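Colleague: Numbering (my numbering), first residue to last: 1 to 178.
Got a structure for you, written out below as structure tokens; questions coming shortly.
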């Protein structure tokens, strides 16, 4: 996959110290990755690059929402997300990204592309189980929820109590009369 130029941060001309970068991510970003779980995306990414003489420190912070479908009802809703990540960029003989928190770039590189880190931060910020807030608080009216309620097993405790031999009820009292 060819990297997108707008997410390349050239660090060669930057002075030692902190530098801030801001990106607004929308659905076209995920269309590029061919990721189809999101209906809509509106996420702000703030990156602070701390350039030091021998390495770079990047601090990523994301906040916003992704519009996804509920796992229970398949109704779309906006899921708020927040996440952060720290990355240390060192320089060595060859490219190495085996360690999650450390990226080694070959000597002579002049920029770092952060699109993959942004993509992973947003995808990992979404909860594994996606439940519409209306399902949790009971305010969502949906045909699927009505059907699930209709098909759920009913309480049969009252019927069971009527069918029990009365001698067993006397024995149950022994457990509670301690």
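For each residue, glycine too, the CB sits at the ideal point set by N, CA and C.
Note that the coordinates shown come from a computational prediction; the quantities given were computed from them, not determined experimentally.
(1) Quick one: Cα of residue 77 to Cα of residue 34, how far?
(2) Which of the three DSSP states, helix, strand or coil, is assigned to residue 51?
(3) Alpha carbon to alpha carbon, how far is residue 9 from residue 106? Give it in angstroms, no decimals.
(4) Give the straight-line distance between the Cα atoms of residue 6 and residue 147, rounded to the nearest whole angstrom.
(5) Out of 167, 20, 42 and 22, state which residue places its alpha-carbon closest to the alpha-carbon of residue 122.
(6) With residue 118 as the anchor, note down where its alpha helix (DSSP H) starts and where it stops.
(7) Candidates 127, 110 and 87: which alpha carbon is nearest residue 117's?
(8) When we look at the beta-carbon of residue 56 and count the other beta-carbons within 10 Å, is it buried (16 or more) or exposed?
(9) Could you name the residues of the same chain whose beta carbon sits closer than 8 Å to that of residue 124, not counting the 5 residues immediately before and after it, in chain order?
(10) Are residue 38 and residue 30 close, meaning C-beta to C-beta below 8 Å?
(11) On the criterion of 16 or more Cβ atoms from any shown chain inside 10 Å, does residue 115 qualify as buried, or is it exposed?
(12) Give every residue of the same chain whose Cβ lies closer than 7 Å to the Cβ of residue 3, excluding the five residues on either side of it in the sequence, and list them in chain order.
(13) Drop a sphere of 10 angstroms on the beta-carbon of residue 164, count the other beta-carbons inside from all chains shown, and report buried for 16 or more, exposed for fewer.
(14) Within 10 angstroms of its Cβ, does residue 79 collect 16 or more other Cβ (buried), or is it exposed?
(15) Is the beta carbon of residue 66 closer than 8 Å to that of residue 47?
(16) What is the residue span of the beta strand (DSSP E) that residue 27 lies within?
Modeller: Per the coordinate set shown:
(1) Here residue 77 corresponds to residue number 77 of the chain shown, with the count starting at 1. Here residue 34 corresponds to residue number 34 of the chain shown, with the count starting at 1. Approximately 21 Å, taken between the alpha carbons.
(2) For this step, residue 51 is matched to residue 51 along the chain shown. Correct three-state label for residue 51: strand.
(3) Against the chain shown, residue 106 aligns to sequence position 106. Against the chain shown, residue 9 aligns to sequence position 9. Cα to Cα, the separation comes out at about 16 Å.
(4) Translated into positions along the chain shown, residue 6 becomes position 6. Translated into positions along the chain shown, residue 147 becomes position 147. When rounded, the distance between both Cα atoms is 47 Å.
(5) Here residue 122 refers to the residue found at position 122 when the chain shown is read from its first residue. Minimum Cα distance to residue 122 is reached at 42.
(6) To locate residue 118, count along the chain shown from 1; it is residue 118. Residues 115-125.
(7) Taking the chain shown and counting its residues from 1, the one referred to as residue 117 is at position 117. The candidate whose alpha carbon is nearest that of residue 117 is 87.
(8) Position 56 of the chain shown, counted from the start, is the residue given in the question as residue 56. Residue 56 counts as buried, since at least 16 other C-beta atoms from the protein chains shown sit within 10 angstroms of its C-beta.
(9) The residue you call residue 124 lines up with position 124 of the chain shown. Closer than 8 Å at Cβ, skipping near neighbours: 83.
(10) Your numbering for residue 38 matches position 38 in the chain shown. Your numbering for residue 30 matches position 30 in the chain shown. Against a cut-off of 8 Å, the Cβ pair of residue 30 and residue 38 comes out as a contact.
(11) Here residue 115 refers to the residue found at position 115 when the chain shown is read from its first residue. Taking a 10 Å sphere around the C-beta of residue 115, we find 16 or more other C-beta atoms and assign the residue as buried.
(12) Position 3 of the chain shown, counted from the first residue, corresponds to residue 3. Closer than 7 Å at the Cβ level, and outside the excluded window around residue 3, lie 113 and 115.
(13) Locating residue 164 in the chain shown gives position 164, counting from the first residue. Per the 10 Å Cβ criterion, exposed.
(14) What you label residue 79 is simply residue 79 of the chain shown in a count that begins at 1. A buried status is given to residue 79, since no fewer than 16 other beta-carbon atoms sit within 10 Å of its beta-carbon.
(15) Position 47 of the chain shown holds residue 47. Position 66 of the chain shown holds residue 66. No. Outside cutoff.
(16) As a first step, residue 27 is located in the chain shown; it is residue number 27 there, counting from the start. Where residue 27 is concerned, there is no enclosing beta strand (DSSP E), although the alpha helix (DSSP H) it sits in stretches over 27-32.
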